[in-house]
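Quick note, the sequence shown lines up with residues 4 to 217 if you use the numbering used here.
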Amino acid sequence: MSEPRGKNRFAGRSCQSNGRRIRDLTLRRFSITMAARMNQRGAPARRILLGVLIAGGAVAASSAAPAAEHAAAHAAAPPAIDAKAAEFVAVEKADDFEKGGVTVMTQAVAVKETGPKETVARFGEVYAFSPSFIAARRERPLVVRFWNLQPDDEHDFALLGPKGQVLAFFKLPPLSETVYAFTFHKDGPYDFKCTIHQPGMSGQILVLPKAPEN
Ligand SMILES: [Cu+2]
């Protein structure tokens, strides 16, 4: 499944609300215990109790916002492509490219179906692109065949420019082949990532100077 796990503090779209909920419950339980004790002691103690309960309420209210953010992140619209993306790269989708180029597979490194449980509990479900590093030549089309090997996990591919701007974005549906040709116009490293599984599912294309004519 593509849901990042609740305890994954590394996930870009991490679900931290579970942790907050546990803290809220702990705080409420503490408040109730305090209430029981203070009831026996009279009015001044009750004022302190009120303060504790208000603080508890404030923490509980603050946890509602991240939960909403989280839901929004999962339903997020595709990122906007930078207006100057074409200066860096031309991206062409084609399912009829001849064989060749680089095949990039999506790899389930640690998932809840197969574990290890401790890893999934610590990092959430972990995926990777394989390979995650590709070298290319400027002005020579780099054909990449993306294979999403997971039967029930969405992935996507965002290509980033030197300032982190999005140069290209597309989805990689479950059990699909998606083929693109990238023709880079500027040398240098270009990061890429699956926006759903961050930060683990990331990589880099290094664009080398134009090949010498021979
Ligand atoms: Cu992914």
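Glycine included, C-beta positions come from ideal geometry on N, C-alpha and C.
Handout entry: Beta-carbon separation (whole angstroms), Pro215 vs Asp190, contact threshold 8 Å
Key = Taking a contact as a CB-CB distance under 8 Å, the pair Pro215 and Asp190 does not count as one, their CB atoms being some 14 Å apart.
Practice task
Using alpha carbons as the reference points, say which of Phe91, Gln110, Glu95 and Ala86 lies closest to Phe173.
Solution key: When only C-alpha atoms are compared, the closest one is Glu95.
Handout entry: Beta-carbon contacts of Gln207 that lie in its chain and below 6 Å, excluding the five residues immediately before and after
Key = So the qualifying residues of the chain are Phe136, Pro192 and Asp194.
Problem - Extent of the continuous alpha helix (DSSP H) run through Val123 - result: Per DSSP, the unbroken alpha helix (DSSP H) holding Val123 starts and ends at Lys120 to Phe126.
Problem - Reference Ala171; option with closest CA among Ser179, Ala124, Leu162 and Val114 - result: With distances taken between Cα atoms, Ala171 lies closest to Leu162.
Practice task
Report whether the distance from the Cβ of Met108 to the nearest heavy atom of ligand 1 is below 6 Å.
Solution key: In this structure, Met108 has its CB at a distance of at least 6 Å from all heavy atoms of ligand 1.
Practice task
Within the same chain, show all residues whose beta-carbon is closer than 6 Å to that of Ser205, passing over the 5 residues directly before and after it, in chain order.
Solution key: Contacts found: Lys196.
Exercise for the section: Identify the continuous beta strand (DSSP E) that holds Glu95 and give its terminal residues. Expected result: Here the beta strand (DSSP E) through Glu95 covers Val92 to Lys96.
Exercise for the section: Report the three-state DSSP secondary structure of Val80 (helix, strand or coil). Expected result: Val is not the amino acid found at residue 80; the sequence shown has Ala there. Of the three classes helix, strand and coil, the one that applies to Ala80 here is coil, per DSSP.
Exercise for the section: Give the single residue among Val210, Glu180, Leu209 and Asn151 whose Cα lies nearest to the Cα of Ala111. Expected result: Of Val210, Glu180, Leu209 and Asn151, the residue nearest in Cα terms is Asn151.
Problem - Val169 to Val210 span [Cα, whole Å] - result: Using only the alpha carbons, I get a separation of about 17 Å.
Handout entry: Straight-line Cα distance separating Arg143 from Pro82
Key = Taking the straight line joining both Cα atoms gives about 26 Å.
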